[in-house]
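Remarks on the structure that follows.
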Amino acid sequence: MKPRPFSPLRYLSGYPQSTLDQVQRLIDDDRLGRYLQKRYPDRHEIKTDKALYDYVSELKQSYLRNAPPLSKVLYQNKLDVIQNALGLHTAISRVQGGRLKAKQEIRIASTFKDCAPEFLEMIVVHELAHFKESDHNRAFYQLCCHMLPDYHQIEFDLRLYLTYRSLADSPTRNDV
Numbered sequence: 070m071k072p073r074p075f076s077p078l079r080y081l082s083g084y085p086q087s088t089l090d091q092v093q094r095l096i097d098d099d100r101l102g103r104y105l106q107k108r109y110p111d112r113h114e115i116k117t118d119k120a121l122y123d124y125v126s127e128l129k130q131s132y133l134r135n136a137p138p139l140s141k142v143l144y145q146n147k148l149d150v151i152q153n154a155l156g157l158h159t160a161i162s163r164v165q166g167g168r169l170k171a172k173q174e175i176r177i178a179s180t181f182k183d184c185a186p187e188f189l190e191m192i193v194v195h196e197l198a199h200f201k202e203s204d205h206n207r208a209f210y211q212l213c214c215h216m217l218p219d220y221h222q223i224e225f226d227l228r229l230y231l232t233y234r235s236l237a238d239s240p241t242r243n244d245v
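In this note's numbering, the protein residues as written are 70 to 245.
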């Protein structure tokens with residue numbers, strides 16, 4: 070099987086062609102990095118798994134008090150951002166004695182240890198929304214927007230950020 074050619078817009082599949090054309094112009098004019106830097110100049114300070122757990126717990130307490138408790142939250146080196154796994158929510162059920170115990174875990178790709186705070190918040194909100202809605206349906210996105218009103222714009226900009234990073238890491242592109 071042949072390897073698939075590098076597609077700089079792979080994180081933006083599903084967006085209209087007019088949007089893809091605008092992004093391609095930003096890339097061609099070498100303006101994508103400047104756009105992102107101007108919009109998201111800061112980096113968050115949440116570097117440890119404990120700090121991440123506290124951050125996620127605080128957001129959960131603010132918006133999803135009645136949801137099951139968090140068991141574990143951590144940065145995960147093995148999550149493959151290339152395959153669009155920015156974060157992962159898992160619910161593990163185990164029988165302990167005569168009871169069924171459920172554990173809720175959230176794992177965030179370690180790539181996001183050094184990113185804009187808005188990007189980390191968007192990923193956390195997305196994973197927390199899975200506590201209430203397992204599918205990516207209308208109710209899921211309504212909950213995301215309830216927790217983070219600019220959810221869709223930040224998600225799009227995060228995809229631009231991943232696009233920019235993939236261009237910088239690409240062996241065929243050294244000028245980004």
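Where is the CB? At the ideal position from N, CA and C, for every residue including glycine.
Extent of the continuous alpha helix (DSSP H) to which residue i belongs
i	result
Lys119	Asp118 to Tyr132
Tyr210	Arg207 to Met216
Arg228	Tyr220 to Asp238
Pro186	Pro186 to Ala198
Best match in the options for proximity to residue i [C-alpha to C-alpha]
i	options	result
Glu224	Met191, Tyr210 and Gln211	Met191
Val193	Ser235, Leu143 and Asp238	Leu143
Val188	Leu227, Gln211 and Ala178	The question names Val, yet the displayed sequence has Phe at residue 188. Per the Cα distances, Leu227.
His113	Lys107, Tyr124, Tyr104 and Arg103	Tyr124
Ala171	Val92, Pro110, Lys141 and Ser235	Lys141
Burial state of residue i, where buried means 16 or more other Cβ atoms lie within 10 Å
i	result
Thr232	buried
Leu229	buried
Ser87	exposed
Distance, residue j Cα to residue i Cα
i	j	result
Asp246	Lys119	This structure does not reach residue 246, given that the chain is present from 70 up to 245, and the question cannot be answered.
Ser126	Leu139	7 angstroms
Ser76	Ala178	21 angstroms
His195	Ala136	14 angstroms
Lys147	Arg176	10 angstroms
Gln211	Pro218	9 angstroms
Leu95	Lys201	37 angstroms
Asn203	Phe209	Reading the sequence as shown, one finds Ser at residue 203 and not Asn. The alpha-carbon atoms of Ser203 and Phe209 are separated by roughly 8 angstroms.
Phe132	Asp90	One point to set straight first is that residue 132 is Tyr, not Phe, in the sequence displayed. Spanning the two alpha carbons is a distance of roughly 37 angstroms.
Those residues which DSSP pairs with residue i across a bridge
i	result
Leu143	Arg176
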